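Participant: The UniProt record's numbering numbers the first residue of the sequence shown as 1 and each following residue consecutively.
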Amino acid sequence: MVSIEYSPNARARCQGCRDKIQKGSIRICAKSGAPMSRNGGYTNQYHHAQCYRNRKDLTTLWGFRNLAKEDQKRFMTEEQKRQNFPGDYAAAAAAAASSAGGLEKRDANVAECTELNVVAKKQKKDIAAVKKMKAREIADAKRLAEEERQRTLAAERAERQRQLEEEKRRQEEEERQLRMRDDVFSITGLKYGEAKASCGEKVTLLREPENEYDANAVKVVNGYRQLVGRIEKDKAATLSSKMKQMQEDYQSQNFKLFAEGTIVSAGDDYQQLVKVDFKKIPTKPNTAIINPYAKSTK
Numbered sequence: 001m002v003s004i005e006y007s008p009n010a011r012a013r014c015q016g017c018r019d020k021i022q023k024g025s026i027r028i029c030a031k032s033g034a035p036m037s038r039n040g041g042y043t044n045q046y047h048h049a050q051c052y053r054n055r056k057d058l059t060t061l062w063g064f065r066n067l068a069k070e071d072q073k074r075f076m077t078e079e080q081k082r083q084n085f086p087g088d089y090a091a092a093a094a095a096a097a098s099s100a101g102g103l104e105k106r107d108a109n110v111a112e113c114t115e116l117n118v119v120a121k122k123q124k125k126d127i128a129a130v131k132k133m134k135a136r137e138i139a140d141a142k143r144l145a146e147e148e149r150q151r152t153l154a155a156e157r158a159e160r161q162r163q164l165e166e167e168k169r170r171q172e173e174e175e176r177q178l179r180m181r182d183d184v185f186s187i188t189g190l191k192y193g194e195a196k197a198s199c200g201e202k203v204t205l206l207r208e209p210e211n212e213y214d215a216n217a218v219k220v221v222n223g224y225r226q227l228v229g230r231i232e233k234d235k236a237a238t239l240s241s242k243m244k245q246m247q248e249d250y251q252s253q254n255f256k257l258f259a260e261g262t263i264v265s266a267g268d269d270y271q272q273l274v275k276v277d278f279k280k281i282p283t284k285p286n287t288a289i290i291n292p293y294a295k296s297t298k
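(1) Are residue 198 and residue 216 closer than 8 Å when you measure CB to CB?
(2) For residue 113, does the three-state DSSP call read helix, strand or coil?
(3) Of all the beta strand (DSSP E) runs that stay within the bounds of the segment 117 to 200, which reach a length of 3 or more residues?
(4) From residue 299 to residue 93, what does the alpha carbon distance come to, in whole angstroms?
(5) When you compare only the Cα positions, how much space is there between residue 15 and residue 61?
(6) Distance, Cα to Cα, residue 237 vs residue 212?
(7) With distances taken from CA atoms, which of 263, 264, 262 and 245 is nearest residue 256?
(8) Express the C-alpha separation of residue 20 and residue 8 in angstroms, rounding to a whole number.
(9) How many angstroms separate the CA atom of residue 230 from the CA atom of residue 168?
(10) Do the segment 182 to 193 and the segment 265 to 274 make contact, defined as three or more Cβ pairs closer than 8 Å?
(11) Alpha carbon to alpha carbon, what distance is there between residue 42 and residue 13?
(12) Taking 8 Å as the threshold (beta carbon to beta carbon), is residue 87 in contact with chain B?
(13) If residue 203 and residue 228 are in contact, beta carbons under 8 Å, what's the gap, nearest whole angstrom?
(14) Grab me the residues of residue 163's own chain with a C-beta within less than 6 Å of its C-beta, minus the 5 sequence neighbours each way, in chain order.
(15) For residue 26, collect the residues of the same chain with a Cβ closer than 8 Å to its Cβ; drop the 5 residues on either side in sequence, then sort them by chain order.
(16) Pick from 253, 250 and 261: whose alpha carbon is nearest that of residue 219?
(17) Pull up the distance between the alpha-carbon of residue 133 and that of residue 123, whole angstroms please.
(18) Classify residue 237 as helix, strand or coil using the three-state DSSP reduction.
(19) Starting from residue 83, trace the alpha helix (DSSP H) both ways and give me its first and last residue.
(20) Going by the beta-carbon positions, is the gap between residue 281 and residue 201 smaller than 8 Å?
(21) Whole-angstrom Cβ separation of residue 51 and residue 17, contact assumed at under 8 Å?
(22) What is the DSSP secondary structure of residue 283, counted as helix, strand or coil?
(23) Which class does residue 66 belong to by DSSP, given the choice of helix, strand or coil?
(24) Give me the DSSP bridge partner(s) of residue 29.
(25) Going straight from the alpha carbon of residue 288 to that of residue 232, what length do you get?
(26) Let's test the definition: count the other Cβ atoms within 10 Å of the Cβ of residue 24 and tell me whether it reaches 16, buried, or not, exposed.
(27) Using a 10 Å radius around the Cβ and a threshold of 16 neighbouring Cβ atoms, would you call residue 130 buried or exposed?
(28) Could you tell me the boundaries of the beta strand (DSSP E) in which residue 260 lies?
What follows is the structure, given as structure tokens:
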């Protein structure tokens, strides 16, 4: 017995192509005798409808009428379709007759639609032109706003640069005026020093007669006795000689010389200005000179 049906599951395998028959697809079931089989002496062999070759006309198989109308048409010839579904052909003939009778009306409708399409296309072009013009106006407005913003930023940068240059000139003029004073000296060799000194910090000036390179050297130390730098060589000789003479004069009067300095410029890695103030401190004879501003390192 051979039947045609929808596959209720996907467990069966086609005997033709050996692929699984998917659930819901059309399959051919051929029942053959096999006395030794476990299901009562019969076995079922399944095929895809397109893989079944034992019979050309599948419309005579048991269960064919249970298939859907469109699935039945797949396996019918044109003559069989006319015999089994005459209503389809009658409806097609009526549709053809009505379409033939309405050609004139269709032509009139086509002409009217053509005119409407022309108007619609013109309206679309007008709308597109308006949108394009608005987009151009928006783009121009954005461009002008960006140009104005850039001009404002450029003006602000120029003003900041002018202020910086003016501040720099003012500082240079202040340093020039300070350098003209007799009590202001330039500290050099800052990058070789042991410590940095900030503007306003108190420092101490000490002669270095034991310096092997310059016996007139005058060094500058901070409160922790760390070397900041040395007075520039051109003025160190005069300053060292003055400090030596003042110390000798003060010692005869039981006083000691204390050269206190105040940093008056931020400086850089090479030079920094210091204002020097000489102080006379009373001391006992044969007493070592001690820096009163020195900070303990303990």
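Cβ atoms here follow ideal geometry from the backbone N, Cα and C, with glycine treated the same way.
Given the structure is predicted, the values throughout are model-derived calculations rather than measurements.
Facilitator: In short:
(1) Cβ distance not < 8 Å, so residue 198 and residue 216 don't count as in contact.
(2) helix
(3) 184 to 188
(4) Beyond the ends of the chain as shown, which are 1 and 298, falls residue 299; an answer cannot be given.
(5) 18 Å
(6) Approximately 14 Å, taken between the alpha carbons.
(7) 245
(8) 12 Å
(9) 25 Å
(10) They touch, by the three-pair rule.
(11) 17 Å
(12) Among the chains of the structure shown, chain B does not appear; only one protein chain is present.
(13) 6 Å
(14) Closer than 6 Å at Cβ, skipping near neighbours: no residue.
(15) 4, 5, 6, 7, 48, 49, 67 and 71
(16) 261
(17) 15 Å
(18) In the three-state scheme derived from DSSP, where H, G and I count as helix and E and B as strand, residue 237 is classed as helix.
(19) Residue 83 -> alpha helix (DSSP H) spans 78 to 84.
(20) no
(21) 5 Å
(22) coil
(23) helix
(24) 3 and 46
(25) Confidence in residue 288 is poor, its pLDDT being 48 and thus under 50, which makes the residue's placement too unreliable to answer from.
(26) exposed
(27) By the neighbour-count rule (16 or more Cβ atoms within 10 Å), residue 130 is not buried but exposed.
(28) 255 to 263
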